[in-house]
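Quick note: the sequence shown, position 107, residue 107 per UniProt numbering, numbers continuous. Just so you know, even glycine gets a beta-carbon here, dropped at the ideal spot from N, CA and C. Read the structure below first, then the notes.
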Amino acid sequence: MGQFKVLDHPLIQHKLNYIRDKNTGTKEFREIVNEISTLMAYEVSRDMPLKDVTIETPIATTVKKQLSGKKVAIVPILRAGLGMVDGVLSLIPAAKVGHIGMYRDEDTLKPVEYFVKLPADIDQRQIFVVDPMLATGGSAIMAFDALKKRGAKNFKFMCLVAAPEGVKALQDKHPDVDIYAAALDEKLNEDGYIIPGLGDAGDRLFGTK
């Protein structure tokens, strides 16, 4: 079973409160989502593999650790996931970026896949799937379905706010996925939104209604 971890670092919690506030505007919302994503990526990448390398400092030759070359791909679930990409890239600038497009059918509340574009070597990469909200879990489940269908094996899911229902649904369908959230909220309402949540992350990121 993959792990579920709330990254409750004080800076993450402090910044998350700003974007929960309904009075926070689009510019600030977008900037803070990036900042939280960078802080989260620092924690989520903690177990990336290392190898010994020999380097020469100005003083001596020494053997030290560096990343062992496991390549990274960041895969946002469109469209709200786009808001988290730059934050992760600022920490891992060599990562490639794939995209998985989902929209929520307003009648059924079920996700519908409309676009998948991934790096050709996606099966060899450590994948960070990013989406600000894990609500019903439907979009995340479908995203991992799409990745596994294309040979991906090594992945983690990063979100800002998770609902217990979404965590359980994703763990039930994809028990091999590690889930990282900045917060675990109370529950979903009858419309499938997280309580207390932060509203519609896509609309708040992009200034749409």
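Three-state secondary structure (DSSP) at residue i?
| i | result |
| --- | --- |
| M102 | strand |
| T57 | coil |
| A162 | strand |
| N17 | helix |
| K117 | strand |
| L147 | helix |
| D47 | coil |
| M142 | helix |
| residue 211 | In this structure the chain extends from 1 to 209, so residue 211 is not present and cannot be described. |
| M84 | helix |
Find the nearest neighbour of residue i within the set the options, judged by alpha-carbon distance.
| i | options | result |
| --- | --- | --- |
| M142 | D121, R79 and L170 | L170 |
| F144 | K173, A135 and K117 | K173 |
| D21 | G197, K209, Y103 and P132 | G197 |
| A183 | M1, H9 and P76 | H9 |
| M133 | K5, D105, K168 and G199 | G199 |
| S139 | V85, D178 and G81 | G81 |
Span of the beta strand (DSSP E) holding residue i?
| i | result |
| --- | --- |
| I74 | V72 to L78 |
| A181 | D178 to L184 |
| K5 | F4 to V6 |
What residue range is occupied by the uninterrupted alpha helix (DSSP H) comprising residue i?
| i | result |
| --- | --- |
| I36 | T26 to V44 |
| L91 | Run containing L91: none; DSSP gives neither H nor E here. |
| R125 | That residue, R125, is in no alpha helix (DSSP H); it is neither H nor E in DSSP. |
Once the 5 residues before and after residue i are set aside, which same chain residues still bring their CB inside 8 Å of it?
| i | result |
| --- | --- |
| K51 | K65, Q66, L67, S68 and G69 |
| D123 | R150, G151, A152 and K153 |
| K110 | R104 and G138 |
Spatial neighbours of residue i within its chain, please: C-beta separation below 7 Å, excluding the five flanking residues on both sides.
| i | result |
| --- | --- |
| A135 | A163, G166, L188, G192, Y193 and I194 |
| K209 | D203 |
Within 10 Å of its beta-carbon, does residue i have 16 or more other beta-carbons around it, so buried, or fewer, so exposed?
| i | result |
| --- | --- |
| K117 | exposed |
| I55 | exposed |
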